[in-house]
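Peer 1: The C-terminal position of the sequence shown is numbered 556 in UniProt numbering, with every residue numbered one higher than the one before it.
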Amino acid sequence: MGLEGDRSPQLQQGGNQTPPLQQQQQYNQGLPYVQPNYTNNNNNAGSQQGYQGNPYQQPAYYQPAPHEQQQQQYNQQPYVVPQQQPNPVYGLQQPWDQQNQQQQQYQQNDNQPLLQPIFIPPQTYVYNETCEKFPDGPKYQDILYTVLFVIHLLALVLVYFVSLSRPVINESFVGGDSQNYPLLAFVGISALISVIYLFGWLHIARRHAVGLIKATFIINIIITIILCIVAFVTGNWFMGALLIFVALICFIFFISLIKRIDFTAALLTSSIELLDRFPACYRVGFASLVVNFIWLILWGLAVTRMSYTFTDTSFNILFVFMVFSFYWVTNVIKNVVHCTISGLFASWYFLDGSVGMPPSPTAKSFKRAITTSFGSICFGSLLLAIVSTLRYIAQSLQSSKNGIVQLVGCLLNCILSLFESVLQLFNVYAYTQVAIYGKSYCDAARSTMDLVKNRGADLIVNDNFISTALSISILLGAVLAGIVGFIISLAVSSAPAISWLMIFCISFSFIMIVMEVIYSGVVTTVVCFLMEPNILAQSKPDIYRLYTTTYNKLIL
């Protein structure tokens with residue numbers, strides 16, 4: 001009919017009744033109104049008589065599309081595009097700017113409705129932002145902390161060269177009996193075992209993600225109970241009681257929230273499939289492992305040289321600085337990888353299938369992480385490094401011979417350990433905001449706080465399940481590699497215990513890199529889904545139905 005393309009919210013609520021002419025003209029300002037023909041050619045009656053007499057038998061001017069009928073049935077409001085549109089991405093149109101065009105495409109195919117009768121997680125005001133996603137030419141954020149990071153590295157190099165110019169005064173650190181171990185052989189064995197283990201683990205995760213998450217969580221409870229028994233046997237009653245409490249909390253958490261595992265499993269499966277599509281993510285992860293290994297060697301050489309040339313008091317002070325430097329650099333490397341993976345997953349979520357999707361999203365995300373967002377990464381990593389260094393000092397106080405100092409150190413260690421865990425988890429979600437929007441760390445932290453206020457329970461529960469599954473998987477893989485390495489070393493090495501430990505540590509590092517990449521992908525996906533579920537509904541309806549179907553179980 002003539003008005004079918006000019007739909008307004010008031011006309012939609014009117015059902016099949018024809019609105020008055022004055023009201024139609026009010027809602028169609030700026031458009032020429034076409035007067036419909038009410039004349040009945042059979043009885044030659046006028047249109048006014050036909051309109052006021054018997055009901056008009058022609059089809060209604062507006063019939064809602066199937067997905068709009070379901071939307072009215074579940075009292076869902078349609079997604080409203082903000083009046084102030086963001087700037088283009090990569091010089092092209094934003095994903096949410098294309099919603100009207102995409103919605104028209106879906107309305108043309110009414111035989112396959114987009115939205116099923118399922119619950120749509122509501123959006124919050126936090127995500128109706130006008131700031132653009134993946135800005136092509138953003139400003140450099142938090143430059144001050146990039147400068148501080150470089151200065152701290154220069155100070156580290158300066159201290160090392162000063163130690164080289166000083167004579168050796170602590171002979172106890174020089175010489176000593178040592179044994180050469182075939183490090184390259186250990187690395188090769190560890191890499192081979194890790195690859196085989198990861199291949200099998202990924203195969204299981206793709207097909208049996210729910211069972212994998214349940215099994216790893218149960219194993220986590222069993223390990224906690226075993227540690228509890230060991231604590232009681234060794235006479236550590238306080239630790240045993242604490243572990244009993246932890247095991248009980250984990251069991252209650254698992255039983256009461258077992259329905260949420262399906263949602264986490266759906267996120268895990270889709271994340272692994274996306275990583276298979278973009279294998280460059282794994283290369284970024286293993287490249288970070290190489291950088292971490294080089295950094296560890298350089299840091300160890302510097303610490304060793306300082307221990308030769310400085311007195312105990314001077315060395316203790318310098319060692320605190322070295323510990324701080326170790327934590328800061330390690331966190332920066334780790335968070336660069338996280339921002340890279342987050343940028344890739346967010347690009348897939350918002351831009352995949354559109355002309356705005358970059359040809360190499362991993363490289364694009366990595367470029368943003370090491371340039372415009374590097375200062376924000378240094379800022380958050382600095383905060384975490386300070387807390388970790390303070391915790392190291394608290395742990396050192398626990399070795400004091402003074403009972404009061406030990407008690408203070410124990411309390412500080414407990415408090416700082418909790419704060420470190422919270423800050424580490426907070427940074428994960430803050431860096432996701434940094435990767436998507438190119439925000440400064442403080443702006444990302446504010447958005448993350450709003451996210452926690454509105455979706456904190458969903459984030460915590462999902463993170464608990466996925467982190468437990470990945471952590472236990474890392475531990476099992478490293479133990480398996482260590483056992484195989486121990487059996488091999490019995491025939492080729494005179495120190496199988498040392499060989500087992502080295503293979504365990506190397507395999508742990510290999511497997512952890514892959515699991516951290518998967519973890520970053522799952523976290524970014526759930527953040528994007530809770531931010532703007534309508535984007536996924538329009539661009540990837542199959543994945544949207546998978547997420548929402550499992551998400552529905554959380555509220556039933």
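Just so you know, even glycine gets a beta-carbon here, dropped at the ideal spot from N, CA and C.
Source: prediction; values computed, not measured.
Can you tell me whether Ile169 is helix, strand or coil according to DSSP?
Peer 2: Along the sequence shown, one-based indexing puts residue 169 at 169. Of the three classes helix, strand and coil, the one that applies to Ile169 here is coil, per DSSP.
Peer 1: Would you tell me roughly how many angstroms separate the C-alpha atoms of residue 557 and Phe310, rounded to the nearest one?
Peer 2: The requested residue 557 is not part of the displayed model; the chain covers only 1 to 556.
Peer 1: Quick one: is Lys334 buried, meaning 16 or more other Cβ sit within 10 Å of its Cβ, or exposed?
Peer 2: Residue mapping note: residue 334 aligns to position 334 of the sequence shown, counting from 1. Label assigned to Lys334: buried.
Peer 1: Taking the alpha-carbon of Leu275 as reference, which of Leu296, Leu383 and Tyr519 has the nearest alpha-carbon?
Peer 2: Along the sequence shown, one-based indexing puts residue 275 at 275. Residue Tyr519 is the option with its Cα nearest to Leu275.
Peer 1: May I ask which residues mark the beginning and end of the alpha helix (DSSP H) holding Arg260?
Peer 2: In the sequence shown, residue 260 corresponds to position 260, counting from 1. Careful: Arg260 lies outside any alpha helix (DSSP H) and carries neither H nor E.
Peer 1: May I ask you to verify whether the region 213-221 touches the region 239-252, counting CB pairs closer than 8 Å and requiring at least 3?
Peer 2: Result yes; three or more Cβ-Cβ pairs closer than 8 Å.
Peer 1: Excluding sequence positions up to five away, which residues of its chain have a Cβ less than 6 Å from the Cβ of Ile511?
Peer 2: As a working mapping, residue 511 is identified with position 511 in the sequence shown. Within the same chain, Ile511 has close Cβ partners Ser194, Ile474 and Gly477.
Peer 1: Using the C-alpha atoms, what's the distance from Ile294 back to Ile272?
Peer 2: Counting from one through the sequence shown, the residue named residue 272 turns up at place 272. Counting from one through the sequence shown, the residue named residue 294 turns up at place 294. Distance between the alpha carbons of Ile272 and Ile294: 29 Å.
Peer 1: For Gln229, does the count of other Cβ atoms within 10 angstroms reach 16, so buried, or fall short, so exposed?
Peer 2: Taking the first residue of the sequence shown as position 1, residue 229 is located at position 229. What sits at residue 229 in the sequence shown is Ile, not Gln. Classification of Ile229: exposed, given that the 10 Å Cβ count is below 16.
Peer 1: Rounded to the nearest angstrom, what separates Ser190 and Thr340 at their Cα positions?
Peer 2: Mapped onto the sequence shown, residue 190 falls at position 190. Mapped onto the sequence shown, residue 340 falls at position 340. Going by the C-alpha atoms only, they are around 26 Å apart.
Peer 1: Could you give the uninterrupted runs of the alpha helix (DSSP H) lying entirely in the region 337-371, keeping only those of 4 residues or more?
Peer 2: Runs found: 361-370.
Peer 1: Where do the N-terminal and C-terminal ends of the alpha helix (DSSP H) with Thr234 fall, by residue?
Peer 2: Taking the first residue of the sequence shown as position 1, residue 234 is located at position 234. Neither: Thr234 is in no alpha helix (DSSP H) and is coded neither H nor E.
Peer 1: Check each candidate in Leu148, Gly235 and Val517 and name the one with the smallest Cα separation from Val337.
Peer 2: As a working note, residue 337 is residue 337 in the sequence shown. Checked all of Leu148, Gly235 and Val517; the closest Cα to Val337 is Val517.
Peer 1: With distances taken Cα to Cα, identify the nearest neighbour of Ala267 among Tyr392, Gly482, Ser467 and Gln433.
Peer 2: The residue labelled residue 267 in the question sits at position 267 within the sequence shown. Here residue 267 is Leu; the residue named in the question, Ala, does not match the sequence. Among Tyr392, Gly482, Ser467 and Gln433, the Cα nearest to that of Leu267 is on Ser467.
Peer 1: Please classify Gly485: does DSSP put it in a helix, a strand, or coil?
Peer 2: Reading the sequence shown from its first residue, position 485 is the one you call residue 485. DSSP places Gly485 in helix when its eight states are reduced to three.
Peer 1: By the 10 Å Cβ neighbour count, where 16 or more other Cβ atoms means buried, how is Ile535 classified, buried or exposed?
Peer 2: Taking the sequence shown and counting its residues from 1, one reaches residue 535 at position 535. Buried, because 16 or more other Cβ atoms sit within 10 Å of the Cβ of Ile535.
Peer 1: Considering only residues of the same chain and omitting the five flanking positions on each side of Val187, which have a CB-CB separation below 8 Å?
Peer 2: The residue labelled residue 187 in the question sits at position 187 within the sequence shown. Answer for Val187: Ile506, listed in chain order.
Peer 1: So, using beta-carbon positions, are Ser489 and Ser499 closer together than 8 Å?
Peer 2: By one-based count along the sequence shown, residue 489 stands at place 489. By one-based count along the sequence shown, residue 499 stands at place 499. Yes.
Peer 1: Do you know how far the Cα of Leu227 is from the Cα of residue 557?
Peer 2: Residue 557 falls outside the range modelled here, since the chain spans only 1 to 556, and no answer is possible.
Peer 1: Which residues in the same chain have their Cβ closer than 8 Å to the Cβ of Val159, if we skip the five residues on either side of it in sequence?
Peer 2: As a working note, residue 159 is residue 159 in the sequence shown. Correct list, in chain order: Ala302, Met306, Leu318 and Phe321.
Peer 1: Should Arg166 be labelled buried (16 or more other beta-carbon atoms within 10 Å of its own) or exposed?
Peer 2: Looking up residue 166 in the sequence shown gives position 166. Exposed, since its Cβ has fewer than 16 Cβ neighbours within 10 Å.
Peer 1: Between Ser388 and Glu420, which are expected to be in contact by the criterion C-beta below 8 Å, what is the C-beta distance as a whole number of angstroms?
Peer 2: Here residue 388 is taken as the residue at index 388 of the sequence shown, counted from 1. Here residue 420 is taken as the residue at index 420 of the sequence shown, counted from 1. So it is a contact: roughly 6 Å between Cβ atoms.
Peer 1: Going by the beta-carbon positions, is the gap between Thr371 and Gly438 smaller than 8 Å?
Peer 2: Your numbering for residue 371 matches position 371 in the sequence shown. Your numbering for residue 438 matches position 438 in the sequence shown. Contact flag unset, no.
Peer 1: Between which residues of its own chain and Cys410 is the CB-CB distance below 7 Å, once the five residues before and five after are set aside?
Peer 2: Taking the first residue of the sequence shown as position 1, residue 410 is located at position 410. If we look at Cys410 and ignore the five residues flanking it on each side, its Cβ neighbours are Gln398.
Peer 1: Determine the direct distance from the alpha carbon of Leu164 to that of Gly353, and round the result to whole angstroms.
Peer 2: By 1-based counting over the sequence shown, the position of residue 353 is 353. By 1-based counting over the sequence shown, the position of residue 164 is 164. Near 57 Å, if we compare the C-alpha coordinates of Leu164 and Gly353.
Peer 1: Report the residue from Thr216, Trp299 and Val452 whose alpha carbon sits nearest the alpha carbon of Phe324.
Peer 2: Locating residue 324 in the sequence shown gives position 324, where the first residue counts as 1. The candidate whose alpha carbon is nearest that of Phe324 is Trp299.
Peer 1: Could you pull the start and end residues of the alpha helix (DSSP H) that Gln433 belongs to?
Peer 2: Position 433 of the sequence shown, counting from 1, holds the residue named residue 433. Segment Gly403 to Tyr437, the alpha helix (DSSP H) holding Gln433.
Peer 1: Return the CA-CA distance between Tyr349 and Val408, expressed in angstroms with no decimal places.
Peer 2: For the purposes of this step, residue 349 is taken as the residue at position 349 of the sequence shown. For the purposes of this step, residue 408 is taken as the residue at position 408 of the sequence shown. Cα-Cα distance, rounded: 48 Å.
Peer 1: Please tell me whether Asn413 and Arg446 are closer than 8 Å, where the distance is taken between their beta carbons.
Peer 2: Numbered from 1 along the sequence shown, position 413 holds the residue referred to as residue 413. Numbered from 1 along the sequence shown, position 446 holds the residue referred to as residue 446. No, these two residues do not count as a Cβ contact at 8 Å.
Peer 1: With Gln398 as the anchor, note down where its alpha helix (DSSP H) starts and where it stops.
Peer 2: Mapped onto the sequence shown, residue 398 falls at position 398. It is not in any alpha helix (DSSP H) - Gln398 carries neither H nor E in the DSSP assignment.
Peer 1: Report the rounded CA-to-CA distance for Ile386 versus Leu425, giving the unit in angstroms.
Peer 2: As a position in the sequence shown, residue 386 is number 386, starting the count at 1. As a position in the sequence shown, residue 425 is number 425, starting the count at 1. Looking at the two C-alpha atoms, the distance is approximately 16 Å.
Peer 1: Within this structure, are the beta carbons of Gly375 and Asp142 separated by less than 8 Å?
Peer 2: Mapped onto the sequence shown, residue 375 falls at position 375. Mapped onto the sequence shown, residue 142 falls at position 142. A contact, by the Cβ cut-off of 8 Å.
Peer 1: Taking Cβ to Cβ, would you say Thr448 is nearer than 8 Å to Ala435?
Peer 2: For the purposes of this step, residue 448 is taken as the residue at position 448 of the sequence shown. For the purposes of this step, residue 435 is taken as the residue at position 435 of the sequence shown. In this structure, Ala435 does not lie closer than 8 Å to Thr448 by Cβ.
Peer 1: Tyr127 to Ser270, Cα distance in whole Å?
Peer 2: Reading the sequence shown from its first residue, position 127 is the one you call residue 127. Reading the sequence shown from its first residue, position 270 is the one you call residue 270. Note that Tyr127 scores a pLDDT of 46, beneath 50, so its modelled location is shaky; the value from the coordinates is reported in the next line. Rounded to the nearest angstrom, the two C-alpha atoms are 23 Å apart.
Peer 1: Considering only residues of the same chain and omitting the five flanking positions on each side of Phe149, which have a CB-CB separation below 6 Å?
Peer 2: Looking up residue 149 in the sequence shown gives position 149. Closer than 6 Å at the Cβ level, and outside the excluded window around Phe149, lie Cys378.
Peer 1: By Cβ distance, which residues of its chain are closer than 7 Å to Met515, with the 5 residues on each side in sequence left out?
Peer 2: As a first step, residue 515 must be located in the sequence shown, where it is residue number 515. Once the five neighbours on either side are set aside, the close Cβ partners of Met515 are Leu470, Ser473 and Ile474.
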